[in-house]
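Below is one structure, written out as structure tokens; comments come after it.
4 protein chains.
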Amino acid sequence: MALPRSGPVRSEAARLAILEAAAELFAEGGYEHLAIEGIARRAGVGKQTIYRWWSSKGDVIAEAILEGHLLDGRRHLPDTGDARGDLAAWLADLFALRASPDGEGLLRSFVAAAAENAEIGRRLREAILAAPLMERLSQAMGGTSGARLEAAAEALLGAVILRALSREDFDADDMRALVDVVTGGSHPPL
Amino acid sequence: MALPRSGPVRSEAARLAILEAAAELFAEGGYEHLAIEGIARRAGVGKQTIYRWWSSKGDVIAEAILEGHLLDGRRHLPDTGDARGDLAAWLADLFALRASPDGEGLLRSFVAAAAENAEIGRRLREAILAAPLMERLSQAMGGTSGARLEAAAEALLGAVILRALSREDFDADDMRALVDVVTGGSHPPL
Amino acid sequence: MALPRSGPVRSEAARLAILEAAAELFAEGGYEHLAIEGIARRAGVGKQTIYRWWSSKGDVIAEAILEGHLLDGRRHLPDTGDARGDLAAWLADLFALRASPDGEGLLRSFVAAAAENAEIGRRLREAILAAPLMERLSQAMGGTSGARLEAAAEALLGAVILRALSREDFDADDMRALVDVVTGGSHPPL
Amino acid sequence: MALPRSGPVRSEAARLAILEAAAELFAEGGYEHLAIEGIARRAGVGKQTIYRWWSSKGDVIAEAILEGHLLDGRRHLPDTGDARGDLAAWLADLFALRASPDGEGLLRSFVAAAAENAEIGRRLREAILAAPLMERLSQAMGGTSGARLEAAAEALLGAVILRALSREDFDADDMRALVDVVTGGSHPPL
DNA sequence: CTTTAAGCGAGACGGTACGTCGAGTCTTATC
DNA sequence: GATAAGACTCGACGTACCGTCTCGCTTAAAG
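Sequence lines, in order, name chains A, B, C and D.
Per our numbering, the first sequence starts with residue 1, numbered consecutively.
Per our numbering, the second sequence starts with residue 191, numbered consecutively.
Per our numbering, the third sequence starts with residue 381, numbered consecutively.
Per our numbering, the fourth sequence starts with residue 571, numbered consecutively.
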């Protein structure tokens, strides 16, 4: 497990091993079972090497997310021409992600991390304000922008998070109702 | 006709002391710093008395919420005739709640609890589906009901939670934009 | 497991059940693993019933020994005409007694009890000063009595106890050497 | 040629603090009131540091004895020319040792430790087989050696232990009778 | 005959200690 | 001077028993 060492400069190998180990353990057991000792063990690294560069497990995870070790290529927005459908599909996919064998969702675990660690929370917001999502949402809302658009984006992701927290399922109809209500269209006929 | 019983009976005094201690410590330090030992110490109770009746700190907190030891009278929906304004005020109030001296919000801490404990998560959902809130929201949306109404309710609370997690502020304009976009009215003039 | 009850006089059934349970558990796991709660459970008795009549687990065991629930018929002094041989056989038998599956000797466990509980210690002494043993020992020593006889008796049993404590074996030759040296005879030819 | 080693090394300071704390607490309260937590507290050490190097309180005490933290210089055999007298004095001294304020003897407590812990039991035997004691005893018995000598040594110490367990006093006459009977001399005139 | 009060099985209570885990800090030897 | 290793103090975990204290019951003796 020991890594080759290379003297008095920061070891990139160690850095990557740590981030990958953290991402794996996060996916396997959720944020709450993540332990610095476990990360060090898995990464074949001394604990001090972690503490030297990060201040808490939240920081490690935040960086792992930022670097794409977690959720790496998995999240991309489809483009079928139907903006609302694409959004609904993306959200349903996000909601359905689960990793640990106990069936607990990755999103829920991610929220646990964000609730404890401000940096992760901030990243969570940045993620939804990312260009591709906002663009598609703007299309779905007839070109809206600014505070209205941001509010809509937060409402969409927030609703999904809330479902994850309440351990309720979210079927296709629910998802469609959510996208419709937030993007403001298609009131169902009474 | 009384049920036959033998042996001593559960101590109501201990039960209350535990719930109150848990609520206090939760408000003071957040869910993540809550410890069974700390609750027992504060409540003047043996640890075993907690473990005898609850299976985790999450369970204790869930019961504390249910019994109103946490958030006791603080959350009531105003009624000024302006349904959207009332909702915005209620959400702003919820968002602003903070207890611990470090300025961390109570809502954020509550989300941390929900993320770890399924029971608390379920209660969180029940809370937003409570009659008074849904009724006012229905008014604000022109009498909508069913899946659409539920989706709107979840979008509203979800957005506020997301803001709490991202440690961004939520000013009155943001809140208004949120309520407007979700209740579907008043596109602002460009 | 519940016993029939008989009103406000001490229940002999409970008393016996307790002593028997204590003796069994002592034999199974040794004095150090004996627990009042375990005795109560095994005896089908409330803890308070034990505490009402005895002040400690040592007291219970002491009474169990006195009543013969422990070591009941097992210890009798043989009489073959060879007084020294009889003593050696009796001591070897005492030394060899073992009960728990871990192979720990009953004598060692008994000493543990005596070391913690004065009452048991006193009984231990009474046991060796019992008439049959003393009589045979007196024969072996040519009619000695008084302090000399008592000292010899204590030396014999003490040596066996010491061997039990040191977890050394005690073979027939050792035992014979011990009896010889204490009874004062048969110096081996140099 | 030195063994390659990596990582930190066992803290000698912690080791000594633990052994000293254990010896003190043993002397103050006896083996039965000794607790790992108490030792850790007194030594100013984490519990884990004890569990890392010893497997039980018995092991700690065994090492404390071996290193002389317990009974350090107190036990030396006098040499007055009268071998029997020296032995009697040494035994009387051993018997009289008491430490705790409740007057319980150190020897009795030591036996409790030996009864629970095999290692301590073994050390107990080694102690009596130590050269100075055996030599003097051999003198007292006219040069005896071998199994006979060992049996005599065990009988002497065993008798004293038995007295300690039975909480009977052991006056000078008793002691003299014991030494005489075991060393085989001076039948008193009736 | 009631009452009354003690003994009973049961088990909750406030505690103490158990042995384990992990946190974050510090130390050693190696590169 | 960064690294892998891992010992250190500390604090919480969940469990086992301690000895005390109710409960609701049964039943022998006192009124």
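Backbone N, C-alpha and C fix where the C-beta goes; we use that ideal spot for every residue, glycine too.
On a predicted model such as this, the values are computed, not experimentally measured, just so you know.
Does any C-beta atom of chain B lie closer than 9 angstroms to the C-beta of residue i?
| i | result |
| --- | --- |
| residue 85(A) | no |
| residue 158(A) | yes |
| residue 116(A) | yes |
| residue 17(A) | no |
| residue 92(A) | no |
| residue 147(A) | yes |
Taking Cβ positions, are residue i and residue j nearer each other than 9 angstroms?
| i | j | result |
| --- | --- | --- |
| residue 368(B) | residue 323(B) | no |
| residue 550(C) | residue 490(C) | no |
| residue 417(B) | residue 350(B) | Any property of residue 417(B) remains undetermined from this structure, which presents chain B solely from 191 to 380. |
| residue 166(A) | residue 352(B) | no |
| residue 209(B) | residue 250(B) | yes |
| residue 200(B) | residue 243(B) | yes |
| residue 494(C) | residue 412(C) | no |
| residue 535(C) | residue 725(D) | yes |
| residue 384(C) | residue 393(C) | yes |
Excluding five sequence neighbours on each side, which residues of the same chain lie with their C-beta closer than 7 angstroms to the C-beta of residue i?
| i | result |
| --- | --- |
| residue 25(A) | 34, 38, 39 and 42 |
| residue 556(C) | 468 |
| residue 457(C) | 466, 470, 512, 513 and 516 |
| residue 226(B) | 237, 240 and 247 |
| residue 653(D) | 706, 709 and 710 |
| residue 270(B) | 276 |
| residue 67(A) | 19 |
Taking the alpha-carbon of residue i as reference, which of the options has the nearest alpha-carbon?
| i | options | result |
| --- | --- | --- |
| residue 532(C) | 750(D), 589(D) and 600(D) | 750(D) |
| residue 146(A) | 334(B), 364(B) and 246(B) | 364(B) |
| residue 119(A) | 56(A), 128(A) and 68(A) | 56(A) |
| residue 334(B) | 303(B), 373(B) and 304(B) | 373(B) |
| residue 172(A) | 93(A), 114(A) and 154(A) | 93(A) |
| residue 633(D) | 698(D), 738(D), 592(D) and 583(D) | 592(D) |
| residue 205(B) | 220(B), 235(B) and 273(B) | 235(B) |
| residue 217(B) | 203(B), 307(B), 270(B) and 255(B) | 255(B) |
| residue 29(A) | 116(A), 103(A), 126(A) and 67(A) | 103(A) |
| residue 696(D) | 388(C), 548(C) and 506(C) | 548(C) |
Excluding five sequence neighbours on each side, which residues of the same chain lie with their C-beta closer than 6 angstroms to the C-beta of residue i?
| i | result |
| --- | --- |
| residue 295(B) | 288 and 354 |
| residue 698(D) | 723 and 727 |
| residue 578(D) | none |
Within 9 angstroms (strictly less), CB to CB, does residue i reach chain A?
| i | result |
| --- | --- |
| residue 311(B) | yes |
| residue 256(B) | no |
| residue 235(B) | no |
| residue 381(B) | Absent from the structure is residue 381(B), since the part of chain B shown begins at 191 and ends at 380. |
| residue 364(B) | yes |
So, for residue i: in the same chain, excluding its five sequence neighbours on each side, which residues have a beta-carbon less than 8 angstroms away from its beta-carbon?
| i | result |
| --- | --- |
| residue 149(A) | 134, 137, 138 and 141 |
| residue 686(D) | 601 and 628 |
| residue 759(D) | For residue 759(D), the pLDDT reaches just 43, beneath the cut-off of 50, and the residue's location in the model is therefore unreliable, although a value from the coordinates is still provided. Result list for residue 759(D): empty, nothing under 8 angstroms. |
Would you verify that the beta carbon of residue i is, or is not, closer than 9 angstroms to some beta carbon of chain C?
| i | result |
| --- | --- |
| residue 720(D) | yes |
| residue 698(D) | yes |
| residue 629(D) | no |
| residue 606(D) | no |
| residue 706(D) | no |
| residue 725(D) | yes |
Taking only beta-carbon positions, decide if residue i is within less than 9 angstroms of chain D.
| i | result |
| --- | --- |
| residue 547(C) | yes |
| residue 558(C) | yes |
| residue 492(C) | yes |
| residue 483(C) | no |
| residue 436(C) | no |
| residue 409(C) | no |
| residue 505(C) | yes |
| residue 564(C) | yes |
DSSP puts residue i in a beta bridge; with which residues?
| i | result |
| --- | --- |
| residue 295(B) | 288(B) |
Does at least one heavy atom of the ligand SAH sit under 8 angstroms from the Cβ of residue i?
| i | result |
| --- | --- |
| residue 152(A) | Only the bare structure without any ligand can be found here, which leaves the ligand SAH out of the picture. |
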